[in-house]
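Colleague: Shown below is the structure under consideration.
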Amino acid sequence: MSEPVMGWVVCRPRAARRVAMLAAALSLFGAVALPAAVQAASDTSFAIESPKAAKGLMIDVVHAGKRLVAVGDRGHILYSDDQGSTWTQAKVPTRQLLTAVFFVDDKQGWAVGHDAQILASSDAGATWTQQYQDLKREAPLLDVWFNDANHGLAVGAYGALIETTDGGKTWQDVSDRLDNEDQYHLNAIAHIKDAGLFIVGEQGSMFRSSDDGQTWEKLEGPYEGSLFGVIGTAQPQTLLAYGLRGNLYRSTDFGSTWEPVELNAARGALEFGLSGATLLEDGSIVVVGNGGSVVVSHDDGVTFSVFNRPDRISLSSVTAAGNGNLILAGQGGVRVAKADGAEPTKQ
Numbered sequence: 139m140s141e142p143v144m145g146w147v148v149c150r151p152r153a154a155r156r157v158a159m160l161a162a163a164l165s166l167f168g169a170v171a172l173p174a175a176v177q178a179a180s181d182t183s184f185a186i187e188s189p190k191a192a193k194g195l196m197i198d199v200v201h202a203g204k205r206l207v208a209v210g211d212r213g214h215i216l217y218s219d220d221q222g223s224t225w226t227q228a229k230v231p232t233r234q235l236l237t238a239v240f241f242v243d244d245k246q247g248w249a250v251g252h253d254a255q256i257l258a259s260s261d262a263g264a265t266w267t268q269q270y271q272d273l274k275r276e277a278p279l280l281d282v283w284f285n286d287a288n289h290g291l292a293v294g295a296y297g298a299l300i301e302t303t304d305g306g307k308t309w310q311d312v313s314d315r316l317d318n319e320d321q322y323h324l325n326a327i328a329h330i331k332d333a334g335l336f337i338v339g340e341q342g343s344m345f346r347s348s349d350d351g352q353t354w355e356k357l358e359g360p361y362e363g364s365l366f367g368v369i370g371t372a373q374p375q376t377l378l379a380y381g382l383r384g385n386l387y388r389s390t391d392f393g394s395t396w397e398p399v400e401l402n403a404a405r406g407a408l409e410f411g412l413s414g415a416t417l418l419e420d421g422s423i424v425v426v427g428n429g430g431s432v433v434v435s436h437d438d439g440v441t442f443s444v445f446n447r448p449d450r451i452s453l454s455s456v457t458a459a460g461n462g463n464l465i466l467a468g469q470g471g472v473r474v475a476k477a478d479g480a481e482p483t484k485q
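Mind the numbering: the sequence shown is residues 139 to 485 in my numbering, read in order.
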């Protein structure tokens, strides 16, 4: 059994499942991911340095202090110290697709990806070492979060939840903490202000924890399709979950109840999948997705303005540039945009 997902098909025994973030990313090029075991023999060396890396497929972009760090295809990790004007390629010990990156401070960060790999950096993303890999999973990790320099969690395909309490020196599979008998893919994990951790995934699955991931509660969500991301707002216990076909939901009680957020574009309701978001220093929220969609809220996620970039290049992540602009990551690499998603004015 198989199910089309934004341009390609994911198959697995017993049922069709969406590896949502990865599927969205690969569909940008209409590509099909090879099983990890097929690629493993050629992906044990360092990522190839390329002057075109900044124009290749990039999946996630975040801050390490003032530095910007982006991860993506072929093990490419890039960093910028000039607000995204130029990018330098980091030294990375993999050629596998990297799906997410997280920095707990201006030096220490972790990236995850195919082969259930976890990479770590202690120099703001300039160099990386491999901390963890599980070839037998033949499935990617899709997101990572750290509470401090010691305690972190990573989530991924087939219900993967792994934890470290020693900064990544060791990682333990704690997937059995979740009531996830069907092994739904877990696409994103985020911390919600004054509440705890929240996970979203395939088939609208939702889990929350008020004790930093030691115990989890399964929730009945508002949507039965895949959710690609979750983000906390500046307000306590308030969060947004987003996914396929422009579906966006808001909760003010840590996921107990939800309200749909309507996204109306110039030609009607937004139907592109949403795949990444960021919370800006002023409390504004920016969400991006396929078709070059950039949606912005200045009222804690109650309402959004919608801008579809003319190039229609699909986007998977967004963060602040540090000068009022945005950094967009996705098809075609990393690029600078104005606060509404439009191209910056050329000087």
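For glycine and all other residues, C-beta sits at the position ideal for the given N, C-alpha and C.
Remember, it's a predicted structure, so these values are computed and weren't measured experimentally.
#1: Can you grab the Cα-Cα spacing for the pair residue 465 / residue 419, in whole Å?
#2: Give the DSSP-derived three-state secondary structure of residue 136 in the structure shown.
#3: Could you tell me the alpha carbon to alpha carbon distance between residue 315 and residue 308, rounded to whole angstroms?
#4: Cβ atoms of residue 197 and residue 224: under 9 Å apart, would you say?
#5: Any idea what DSSP makes of residue 245, helix, strand or coil?
#6: Restricting to Cα atoms, I'd like to know which of 274, 441, 477, 431 is closest to residue 468.
#7: Cα-Cα, which of 201, 353, 332 is closest to residue 301?
#8: Comparing alpha-carbon positions, which option in 333, 337, 449, 195 lies nearest residue 215?
#9: Rounded to whole angstroms, what's the CA-CA distance from residue 262 to residue 231? Just pull it up for me.
#10: Under 8 Å by Cβ, that's how I've got residue 294 and residue 324 pegged, so tell me the actual separation to the nearest angstrom.
#11: Can you give me the Cβ contacts of residue 265 inside the same chain, cut-off strictly under 6 Å, excluding the 5 residues immediately before and after it?
#12: Taking a contact to mean a Cβ-Cβ separation below 9 Å, would you say residue 389 touches residue 455 in this structure?
#13: Once the 5 residues before and after residue 438 are set aside, which same chain residues still bring their CB inside 7 Å of it?
#14: Spatial neighbours of residue 440 within its chain, please: CB distance less than 8 Å, with the 5 preceding and 5 following residues excluded, ordered by chain position.
#15: Taking the alpha carbon of residue 459 as the reference point, which residue from 183, 201, 187 has its own alpha carbon closest?
#16: Run through DSSP, which three-state label would residue 313 get?
#17: Which first and last residues belong to the beta strand (DSSP E) in which residue 379 is found?
#18: Taking residue 479 as the reference, give the member of 470, 188, 425, 281 with the closest Cα.
#19: For the beta strand (DSSP E) that contains residue 441, what are its first and last residues?
#20: Skipping 5 residues on each side, what residues in its chain have a beta carbon closer than 6 Å to that of residue 379?
#21: Distance check for residue 289 and residue 327, CA to CA, integer angstroms please.
#22: Regarding residue 280 and the ligand NAD, is the C-beta to nearest heavy atom distance less than 8 Å?
#23: For residue 281, count neighbouring C-beta atoms within 10 Å of its own C-beta (all shown protein chains included) and say buried if the count is 16 or more, exposed if not.
#24: Write down the C-beta distance between residue 442 and residue 401 rounded to the nearest angstrom, noting that I regard them as a contact closer than 8 Å.
#25: Can you tell me whether residue 386 is helix, strand or coil according to DSSP?
#26: On a Cα-Cα basis, can you pick out the residue from 286, 306, 391, 397 that is closest to residue 488?
#27: Output the boundary residues of the beta strand (DSSP E) element that contains residue 201.
#28: Residues in its own chain within less than 7 Å of residue 313 by CB, not counting five upstream and five downstream?
#29: Whole angstroms is fine: what's the gap from residue 303's alpha carbon to residue 286's?
#30: What residues match up with residue 240 in a beta bridge as DSSP calls it?
#31: Taking Cβ to Cβ, would you say residue 473 is nearer than 9 Å to residue 222?
#32: Which value, in whole angstroms, describes the spacing of the CA atoms of residue 191 and residue 199?
#33: Between residue 335 and residue 347, how many whole angstroms is the CB-CB distance? I'm expecting something under 8 Å.
#34: List, from N- to C-terminal side, the beta strand (DSSP E) runs of 3 residues or more that fit wholly inside the region 253-312.
#35: What are the partner residues of residue 434, as DSSP defines its beta bridges?
Modeller: In short:
#1: 15 Å
#2: Here the chain comprises residues numbered 139 to 485, so residue 136 is not present and cannot be evaluated.
#3: Spanning the two alpha carbons is a distance of roughly 18 Å.
#4: no
#5: coil
#6: Answer by Cα proximity: 431.
#7: 353
#8: For residue 215, the closest of 333, 337, 449, 195 by C-alpha to C-alpha distance is 195.
#9: 16 Å
#10: 6 Å
#11: 229
#12: no
#13: 371, 372, 373, 376, 421
#14: 388, 399
#15: 201
#16: helix
#17: 377-381
#18: 425
#19: Neither: residue 441 is in no beta strand (DSSP E) and is coded neither H nor E.
#20: 338, 365, 368, 387
#21: Roughly 14 Å between the two C-alpha positions.
#22: Ligands are entirely absent from the displayed structure, and the ligand NAD is therefore not among its contents.
#23: buried
#24: 6 Å
#25: strand
#26: This structure gives no information on residue 488, because the portion of the chain shown stretches from 139 to 485.
#27: Membership of residue 201 in the beta strand (DSSP E) is indicated by the continuous run 196-202.
#28: The residues are 297, 298, 299.
#29: The straight-line gap from Cα to Cα measures roughly 9 Å.
#30: 248
#31: yes
#32: 14 Å
#33: 4 Å
#34: Taken in chain order, the complete beta strand (DSSP E) segments of 3 residues or longer contained in the region 253-312 are 255-259, 267-270, 279-284, 290-294, 299-302.
#35: 424, 443
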